[in-house]
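Asks: What follows is a single structure, and I will ask about it in a moment.
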Amino acid sequence: MKKEGVCPPFFILSFILAFYFIMDELISRPEEVLHCSQCQTPISSDHKFCVNCGFPERGSDREKSGFHANRVLNARRSQMAKKEIKSGRNSLLIIAGLSFLFGIGYFFLHDDTATLIASGILTIVYLGLAYWSQQRPLIALVLGLLVYLTTIVINAIVDPETIYKGIIVKVLIIVFLSKGINSALQLRKTQI
Ligand SMILES: [Zn+2]
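This is the structure we're talking about:
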């Protein structure tokens, strides 16, 4: 009981010290957080690379310049890939237009309603795929190429001479669609 008068100052002092160290730790910690110089994402002290963009914030100058060079290269690649995907999309629009014109022309020349309906359906399918290729270029262009090749094969079975009709346009469309598919594949790889 008689020691009670002595102890409280020690307790108070230790509380003040403990409080000071805890607050110091809490306040000084945010200052140590490094932010990515490229995207401002906080980088924890045990990380060398930014978890968001991959910039080697704690890496060597060589690693940093390598990152920038890679980013320029990737941007150029994805720009080219997007251009080729656009060519693929335009090819789908061209086939849509061609099957529409073919259906109308065939209908007026031969009064063939079945061909008109089939061409109309194909036109809608190609237009739909062209539109869809904005969100899902790979699957839309692959489906477009498959539908296109199938119609060429079916036409060739019905009338073998059709395979040579507009052969240059056919080859160009297949080339553009294939290039678009290839680019969509590469773009998907770089994005993962
Ligand atoms: Zn970053």
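The sequence shown begins at 287 in our numbering and counts up one residue at a time.
Where is the CB? At the ideal position from N, CA and C, for every residue including glycine.
For L431, which option in N360, F296, E343 and K465 has the closest C-alpha, if you only look at C-alpha atoms?
Replies: For L431, the nearest C-alpha among the options comes from K465.
Asks: Using the C-alpha atoms, what's the distance from P446 back to I438?
Replies: Using only the alpha carbons, I get a separation of about 10 Å.
Asks: Give every residue whose Cβ lies closer than 6 Å to any heavy atom of ligand 1, listed in chain order.
Replies: Every residue passing the under-6 Å Cβ criterion appears here: C322, Q324, C325, T327, C336, N338, C339 and F341.
Asks: Can you find the residues in the same chain that come closer than 7 Å, C-beta to C-beta, to I459, ignoring five residues on each side of it along the sequence?
Replies: Closer than 7 Å at Cβ, skipping near neighbours: S377, I380, I381 and Y434.
Asks: Quick check for students: name the residue ranges of the alpha helix (DSSP H) that lie wholly in the region 401-473, counting only runs of 4 or more.
Replies: Listed in chain order, the complete alpha helix (DSSP H) runs (minimum 4 residues) inside the region 401-473 are 423-444.
Asks: Considering only the alpha carbon of each residue, which of F386, Y417 and A361 lies closest to S405?
Replies: Selected option, being the one with the closest Cα: F386.
Asks: Does the beta-carbon distance from I454 to S419 come in below 8 Å?
Replies: No. Outside cutoff.
Asks: In three-state DSSP terms, what is P328?
Replies: Residue state, collapsed to three classes: strand.
Asks: Assuming contact is defined by CB atoms lying nearer than 8 Å, are G383 and L402 in contact in what I supplied?
Replies: No, these two residues do not count as a Cβ contact at 8 Å.
Asks: Classify L299 as helix, strand or coil using the three-state DSSP reduction.
Replies: In the structure shown, L299 sits in a helix (DSSP, three-state: H, G or I).
Asks: Give a yes or no on contact between the region 351-371 and the region 469-478, applying the rule of three or more CB pairs nearer than 8 Å.
Replies: Touching, per the Cβ criterion.
Asks: Please report the residue range of the alpha helix (DSSP H) in which V358 lies.
Replies: Looking at the DSSP string, the run of the alpha helix (DSSP H) that includes V358 is D347 to H396.
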